[in-house]
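Student: When the first sequence is numbered by our numbering, its final residue is 905 and no position is left out of the sequence of numbers.
What follows is a single structure, and I will ask about it in a moment.
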Amino acid sequence: MAQLSKTYSPKEAEEKWYSYWEIHNLFHAKANPDKKPYTIVIPPPNITGILTMGHVLNNTIQDVLVRWKRMQGYETLWMPGTDHAGIATQNVVEKSLLKEGKTRHDLGRAKFLEVVWKWKEQYGNTIIKQLKKLGTSCDWERERFTMDEELSEAVQEVFIRLFNKGLIYRGKYIINWCPKDHTAISDDEVNHIEQNGHLWFIKYPIVDSTDYAIVATTRPETMLGDTAVCVNPNDERYKHLIGKNVKLPLTDRVIPIIADDFVDPLFGTGMVKVTPAHDPNDYWIGQRHNLPQINIFDISANLNENAPIRYQKRDRFEIRREVVKDLESLGLLLKIEAHTNAVGRCYRCDTIIEPYLSDQWFVKMKPLAEPALKVVLDGTLKFHPDRWVKVYEHWMTNIRDWCISRQLWWGHRIPVWYCTCDGCDHLSASKTEPKEKCPKCGCHQYRQDEDVLDTWASSWLWPFSTLGWYKDNSDLRYFYPTDTLVTGPDIIFFWVARMVMAGIEFTKEIPLPDGSPRTENKDIVPFRNVYFTSIIRDAQGRKMSKSLGNSPDPLDVIAEYGADALRFTVLYLAPLGQDVLYSNEKCELGRNFANKIWNAGRFLQMNANQIIDFKFQISNSINDAYSDLADRWILSRLNTTISEMTNALDNFYINDATKILYDFIWHDYCDWYLEMIKTRLYGDEPDVVKKAVLNRAIYIYEQALMLLHPFMPFVTEEIWQSLAERTEGESIMISQFPVANEKWIDKETEADGLFMQNLVNAIRTIRGELEVPPSKEINIILNFHDTEREQHLQKYESYLKRLTRTKMVTLLRDSQKPRHSASAVVDNVEIFIPLEGLINLKAECERIQREIDRVRGLYTSTEKKLTNESFVSKAPKEVVDHERNKLESFKITLQKLEKNLESIS
RNA sequence: GGGUGGUUAGCUCAGCUGGUUAGAGCGCACGGUUCACAUCCGUGAGGUCGUAGGUUCAAAUCCUAUACUACCCACCA
Numbered sequence: 001m002a003q004l005s006k007t008y009s010p011k012e013a014e015e016k017w018y019s020y021w022e023i024h025n026l027f028h029a030k031a032n033p034d035k036k037p038y039t040i041v042i043p044p045p046n047i048t049g050i051l052t053m054g055h056v057l058n059n060t061i062q063d064v065l066v067r068w069k070r071m072q073g074y075e076t077l078w079m080p081g082t083d084h085a086g087i088a089t090q091n092v093v094e095k096s097l098l099k100e101g102k103t104r105h106d107l108g109r110a111k112f113l114e115v116v117w118k119w120k121e122q123y124g125n126t127i128i129k130q131l132k133k134l135g136t137s138c139d140w141e142r143e144r145f146t147m148d149e150e151l152s153e154a155v156q157e158v159f160i161r162l163f164n165k166g167l168i169y170r171g172k173y174i175i176n177w178c179p180k181d182h183t184a185i186s187d188d189e190v191n192h193i194e195q196n197g198h199l200w201f202i203k204y205p206i207v208d209s210t211d212y213a214i215v216a217t218t219r220p221e222t223m224l225g226d227t228a229v230c231v232n233p234n235d236e237r238y239k240h241l242i243g244k245n246v247k248l249p250l251t252d253r254v255i256p257i258i259a260d261d262f263v264d265p266l267f268g269t270g271m272v273k274v275t276p277a278h279d280p281n282d283y284w285i286g287q288r289h290n291l292p293q294i295n296i297f298d299i300s301a302n303l304n305e306n307a308p309i310r311y312q313k314r315d316r317f318e319i320r321r322e323v324v325k326d327l328e329s330l331g332l333l334l335k336i337e338a339h340t341n342a343v344g345r346c347y348r349c350d351t352i353i354e355p356y357l358s359d360q361w362f363v364k365m366k367p368l369a370e371p372a373l374k375v376v377l378d379g380t381l382k383f384h385p386d387r388w389v390k391v392y393e394h395w396m397t398n399i400r401d402w403c404i405s406r407q408l409w410w411g412h413r414i415p416v417w418y419c420t421c422d423g424c425d426h427l428s429a430s431k432t433e434p435k436e437k438c439p440k441c442g443c444h445q446y447r448q449d450e451d452v453l454d455t456w457a458s459s460w461l462w463p464f465s466t467l468g469w470y471k472d473n474s475d476l477r478y479f480y481p482t483d484t485l486v487t488g489p490d491i492i493f494f495w496v497a498r499m500v501m502a503g504i505e506f507t508k509e510i511p512l513p514d515g516s517p518r519t520e521n522k523d524i525v526p527f528r529n530v531y532f533t534s535i536i537r538d539a540q541g542r543k544m545s546k547s548l549g550n551s552p553d554p555l556d557v558i559a560e561y562g563a564d565a566l567r568f569t570v571l572y573l574a575p576l577g578q579d580v581l582y583s584n585e586k587c588e589l590g591r592n593f594a595n596k597i598w599n600a601g602r603f604l605q606m607n608a609n610q611i612i613d614f615k616f617q618i619s620n621s622i623n624d625a626y627s628d629l630a631d632r633w634i635l636s637r638l639n640t641t642i643s644e645m646t647n648a649l650d651n652f653y654i655n656d657a658t659k660i661l662y663d664f665i666w667h668d669y670c671d672w673y674l675e676m677i678k679t680r681l682y683g684d685e686p687d688v689v690k691k692a693v694l695n696r697a698i699y700i701y702e703q704a705l706m707l708l709h710p711f712m713p714f715v716t717e718e719i720w721q722s723l724a725e726r727t728e729g730e731s732i733m734i735s736q737f738p739v740a741n742e743k744w745i746d747k748e749t750e751a752d753g754l755f756m757q758n759l760v761n762a763i764r765t766i767r768g769e770l771e772v773p774p775s776k777e778i779n780i781i782l783n784f785h786d787t788e789r790e791q792h793l794q795k796y797e798s799y800l801k802r803l804t805r806t807k808m809v810t811l812l813r814d815s816q817k818p819r820h821s822a823s824a825v826v827d828n829v830e831i832f833i834p835l836e837g838l839i840n841l842k843a844e845c846e847r848i849q850r851e852i853d854r855v856r857g858l859y860t861s862t863e864k865k866l867t868n869e870s871f872v873s874k875a876p877k878e879v880v881d882h883e884r885n886k887l888e889s890f891k892i893t894l895q896k897l898e899k900n901l902e903s904i905s
């Protein structure tokens, strides 16, 4: 065995073993008909991204699943890659251009894209490098990018198929316009944030009358684009006004008063100004009533030439103030009320979005959503935790068409070609410029649509485009569908839902590995399970954000505590689907745990060095030669742990798994078992016994390392490699994950071990409370009643001595308490500790009295239950019997305690 | 306006289909240089399980209502 240093130092081990794994190609997956596949696709991080705590949690969970399944013998593929992130990336590059005083228009489209690609080559891989530091076992050979040629072709293919199927259409609609990014964004990319605003009541003079129509609005500046005033047709107050006209203040326009059911008579004045070009509701009212649409903004939401000249070319919010002022001076502002409303903001840059009328491309979603909802409702595809099903269902049943065009340059250009002849409106979808003549006008001249597609129009294909779809190939056949998707619930609509739709729509054609067609839903859903991760917050429960400066840099944490510590801590803290309050100091938990395991390894190693010719026998099985309670107990605990842990992982209770393992390793293995075997390792046993004991201890240790490996890959590899002679290329990564063996699970032995621990604890308590110096050796007397107990007690003797620093253990049957001794009762066995000269009689009296009070409390409450007629008659017999046994045991304990109290002096 | 989660020790959280004395980690107090580990070991203090009802022999656990808190969805000007 290689020598281990006193504490575990992560840095070196992390670098060493990560490159070892890569050199030996252990992350690579190959279609293998002899093994079952297990596939996870990474949620592709943006190329502009840097590693956050959210990524740490997300990717550690994936790595745990992947390493675990790999060790279980699956052909395991973790597909990595990055996302081109249209708006984000274009913004970053434009910003750096701006530093040189240039805009993208100065460069032109082709040159600008060149610059973006260059940027991507230089910086786009940052997050991937950071992920490697975390220990992620992705198949890097297969790394993909959403704008790779193959993936781009898949995007075009999908567009064309949907187009030809009539599921894609183009039209002038009110969309969400970001005046900063100068692009449309989809409904889901708008965050509605409540804010305090105002409700302005404006008087519109009615033509041929001295009366006014009074409208309430939150956006007075849009009145410049009003083309009607609207009331509810059933509103008695205003019926007489329908059909009349009002003079639109600040303009020279006259607009009609119309009636529409949309108007709520109870809100505001019951009269609404209608601005079809700048409000989605007004847009639909306008459609119904054939109203003109007057667009008053340019692409930056400055007022355009349709506004009165004095307002033109100025910002919308500046004009809001000015319009209000102007109305006021005209005496047309009735009042202002405080009003909170939800304002839509761009999810990328937080700019207030403008409902804007423009030509965009849309995907009809209803036909895609229906089957995608079904597979989730019928359980073909499972959500963890499953409460997200409701959220998903609500969105799917109320789904709206997806605006997929973006007025950007960085992205997949829409594969639509327009005939350039005057008056010919023909268009066609194809990957390259059409070669044939325009079927309508016969010309050859085409130009491609200027817009690009929403970034999600490539990510929704990720689970199969990364495997080479649309071309049939053996990897796609073998690894698709994937098994588990691990992602945050914040992108359930953006990404998860759309992937389900795309998977179902586009993968039926791919044959199964045996060549048979995919007919069942389970073979075309993109994944069978979705694990929705927690959201990591800071210690005060606030969201991590750049502006708050409360997001720790995971790389700093790795440098300080180690990657394993970070991984383990985050998992330990993150229950399925619950938010996590995180701070760096919490990583002490993981660091200390890593160190604990490390030192257990050192302990084994030092003992191995003590025994001449000792060599650890690597073996997949274990025997019970020269075994005693400690061995049988720990073997039972080990196998119980394996089974509980596997069960937890099967159900995605990953943090349960970490707790189960932590408790086993720290408490069962280190605190009790290792302490217990010291008796034999340090005693006069012959070497053959010592060897057997140590071999077993190492075997169990190795099993624990394997259980722990998915969570803490580096430290486990480092120790595992040093446990025995390993050949080059061997790794704990590809060892066999332990399987619980029922043969070793023995509840009686576990109870036995627990009884022994209780005895030890009772003695330690006495020592502690009576302040017997730890260095002082004591003698103990165990007073028992039945023979069976005697046999047990004899077996424990050596353990009791070591664990409680006891010189002599005397077993007595039905004896009296010696003078000047402390006492305790455990499971009807009395412990007497003669403490001549050491005992503080008063303290001991108080201690026993407290114990008596406690047990009497238990006795009384149990007695109360049993004297309750209805409890005895209605509760199940086992429960009643159990209470009776308890009562009896409490009674005996009480008697003994009281007797001991009397004879204290 | 609808929906979802949380509310248990000073802090962060476990407590599954109701049934021993409601647990852990951190923190705190006290004591420890025993040959793996002070990133450690031992002992201890600390909780009427948000509130009010209900079901039951039995409720932290199930039901109803309610408060507080966080988040999501929604076209109310």
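Note that CB positions come from ideal geometry on N, CA and C, so glycine has one too.
The model shown is predicted, which means the values in this text are computed figures rather than measured ones.
#1: May I ask whether a heavy atom of the ligand GTP can be found less than 7 Å away from the beta carbon of residue 481?
#2: Can the beta-carbon of residue 255 be found closer than 8 Å to that of residue 242?
#3: Short of 8 Å in beta carbon distance, which residues of its chain neighbour residue 979, apart from the five on each side in sequence? Order them along the chain.
#4: Going along the chain, which unbroken runs of the alpha helix (DSSP H) with 4 or more residues stay wholly within the stretch 90-130?
#5: With contact counted as at least three CB pairs below 8 Å, one residue from each stretch, are the stretch 565-572 and the stretch 77-94 in contact?
#6: As a quick exercise: from 58, 633, 187, 669, pick the residue whose alpha carbon is nearest that of residue 280.
#7: Given that a residue counts as buried once 16 or more other Cβ atoms are within 10 Å of its Cβ, and exposed if not, what is residue 433?
#8: Taking Cβ to Cβ, would you say residue 81 is nearer than 8 Å to residue 127?
#9: Among 808, 654, 349, 864, which has the Cα closest to the Cα of residue 711?
#10: Taking the alpha carbon of residue 651 as the point to measure from, which residue in 594, 345, 529, 637 has its own alpha carbon closest?
#11: What's the gap between the Cα of residue 802 and the Cα of residue 875?
#12: Applying the criterion that 16 or more other CB atoms from any shown protein chain within 10 Å of the CB defines a buried residue, is residue 885 buried or exposed?
#13: CB-CB under 6 Å to residue 341, same chain, minus the five flanking residues each way: which ones, in chain order?
#14: Check residue 527 in the structure and name its three-state DSSP category.
#15: Go to residue 871, then tell me how far its alpha helix (DSSP H) extends in each direction, as first and last residue.
#16: Here's the rule: buried if 16 or more other CB atoms are within 10 angstroms of the residue's CB, otherwise exposed. What is residue 210?
#17: To which residues of the same chain is residue 783 closer than 6 Å at the C-beta, ignoring the five residues directly before and after it?
#18: Entirely within the stretch 322-383 and at least 4 residues each: give me those alpha helix (DSSP H) ranges in chain order.
#19: Is residue 414 helix, strand or coil when you go by DSSP?
#20: My output table needs one value for residue 301: the three-state DSSP class, helix, strand or coil.
#21: Counting only runs of 3+ residues fully inside the stretch 467-509, write out the beta strand (DSSP E) ranges in chain order.
#22: What separation, rounded to the nearest whole angstrom, lies between the Cα atoms of residue 439 and residue 503?
#23: Could you give the first and the last residue of the continuous alpha helix (DSSP H) run that contains residue 569?
#24: For a test of the three-state rule: what should DSSP assign to residue 882, helix, strand or coil?
#25: May I have a chain-ordered list of the alpha helix (DSSP H) segments no shorter than 4 residues that lie completely inside the stretch 799-868?
#26: Identify every residue that forms a DSSP beta bridge with residue 197.
#27: Could you give the DSSP three-state label for residue 68: helix, strand or coil?
#28: Where do the N-terminal and C-terminal ends of the beta strand (DSSP E) with residue 189 fall, by residue?
#29: So who's on the other strand from residue 76, going by DSSP bridges?
#30: Between residue 401 and residue 374, is the Cβ-Cβ spacing less than 8 Å?
#31: Is it right to say residue 566 is buried, meaning 16 or more other beta carbons lie within 10 angstroms of its own, or is it exposed?
#32: I'd like the span of the beta strand (DSSP E) that includes residue 427, first residue to last.
#33: I think residue 469 touches residue 404, with their Cβ atoms under 8 Å apart; what is that distance to the nearest whole Å?
#34: DSSP puts residue 46 in a beta bridge; with which residues?
#35: Are there three or more Cβ pairs, one per stretch, closer than 8 Å when the stretch 348-358 is compared with the stretch 159-166?
#36: Suppose the cutoff is 8 Å on Cβ atoms and the five residues either side in sequence are ignored; what does the same chain contact list for residue 491 look like?
Tutor: In this structure, then:
#1: Because no ligand of any kind appears in the structure shown, any question about the ligand GTP cannot be addressed here.
#2: no
#3: In the structure displayed, the chain extends from 1 to 905; residue 979 sits before or after that span and is not available.
#4: 104-107, 109-123
#5: no
#6: 187
#7: exposed
#8: no
#9: 654
#10: 529
#11: Distance between the alpha carbons of residue 802 and residue 875 is about 44 Å.
#12: exposed
#13: 197, 218
#14: Residue 527 falls in the strand class under three-state DSSP.
#15: 869-874
#16: exposed
#17: 812, 815, 830
#18: 366-377
#19: coil
#20: coil
#21: 482-487
#22: 34 Å
#23: 563-573
#24: helix
#25: With a minimum length of 4 residues, the continuous alpha helix (DSSP H) runs that stay inside the stretch 799-868 are 841-867.
#26: 339
#27: helix
#28: No beta strand (DSSP E) holds residue 189; DSSP gives it neither H nor E.
#29: The secondary-structure analysis by DSSP pairs residue 76 across a beta bridge with 38.
#30: No.
#31: buried
#32: 427-429
#33: Actually they do not touch by this definition, with Cβ atoms about 19 Å apart.
#34: 83
#35: With a cut-off of 8 Å, the stretch 159-166 and the stretch 348-358 do not count as touching, because too few Cβ pairs lie within range.
#36: Cβ contact annotation for residue 491 (same chain, cutoff 8 Å, sequence separation greater than five): 43, in chain order.
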